[in-house]
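Report on the following structure.
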Amino acid sequence: MKLSTKPRYGLRILAQIAADGGDNAPVSGKEVAQKQNISIAYIEQILIPMRNAGLVRTVRGRNGGYILNRPANDISLLEIIELFEGRLELVSDRDHSSASNIWNRLTESLRKETGAVTVADLADLIRDETPPIIDFMI
Numbered sequence: 227m228k229l230s231t232k233p234r235y236g237l238r239i240l241a242q243i244a245a246d247g248g249d250n251a252p253v254s255g256k257e258v259a260q261k262q263n264i265s266i267a268y269i270e271q272i273l274i275p276m277r278n279a280g281l282v283r284t285v286r287g288r289n290g291g292y293i294l295n296r297p298a299n300d301i302s303l304l305e306i307i308e309l310f311e312g313r314l315e316l317v318s319d320r321d322h323s324s325a326s327n328i329w330n331r332l333t334e335s336l337r338k339e340t341g342a343v344t345v346a347d348l349a350d351l352i353r354d355e356t357p358p359i360i361d362f363m364i
C-alpha cells in the first residue's frame, strides 16, 4: 500500500500547524511551507479539501494564517488518509475469496492503528525533531 503525496503532505501540514500553536494562533502558510519544504501553492491546494472538511479555517489579515478547527488530538491519521484516498481498505468488499476474511481482519487492524494516531502525536514528533521535516509512510 502506498499513499499519494496529498495525505502525506496533508498530515505534515496539519502537524506543523499544530506544532506551531495552530490550536490557538494562526500559522502562516509561508511558515509551514518553509519548515516542511513544500511549495506554498501545493500547501494551498491541499488545504482546500481540509478546510471543506472542517479541519482547518483561514484567518485573514496581517497576522493571518491557518488554525485547526478541532483539537489536534481529535484529528486522526485515518481521517486524513480517507479524506484524500477514500476508504482505507486492502481489498474491496466485493472480494469474496477464501482469503477475504484474512484481508478484512488486516484492513480492520490497519484502520484501528491509523485511527489511534492523531495530529497531536505527529506534532509532538515535529517539536522534537531537527530539522522539522517529517514524512509518514505506511
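So the sequence shown is residues 227 to 364, counted in my numbering.
We treat Cβ as the ideally placed atom computed from N, Cα and C, and that holds for glycine.
Contact between the stretch 286-298 and the stretch 321-329 is not established, with fewer than three Cβ pairs separated by less than 8 Å. Per DSSP, reduced to three states, the secondary structure at ARG283 is strand.
Contact between the stretch 341-351 and the stretch 238-250 is present: 3 or more CB-CB pairs across the two stretches fall below 8 Å.
In the three-state reduction of the DSSP assignment, GLY248 falls in the coil class, being assigned neither a helical nor a strand state. Nearest to ARG286 by alpha-carbon distance, out of GLN260, GLU257, PRO252, ALA342, is PRO252. Taking C-beta atoms under 8 Å as the contact rule, LEU240 and VAL345 qualify, at a distance of about 5 Å.
The beta carbon of GLY341 is closer than 6 Å to those of SER302, LEU304 in its chain, skipping five residues each way along the sequence.
Looking at the backbone, the Cα of LYS261 and that of GLY312 are separated by about 28 Å.
According to DSSP, VAL253 shares a beta bridge with TYR292. Cβ neighbours of ILE306 within its own chain (closer than 6 Å, five residues either side excluded): PRO233, GLY236, LEU237.
Listed in chain order, the non-local C-beta contacts of THR333 below 6 Å within the same chain comprise GLU315, LEU316, local neighbours out to five positions each way being set aside.
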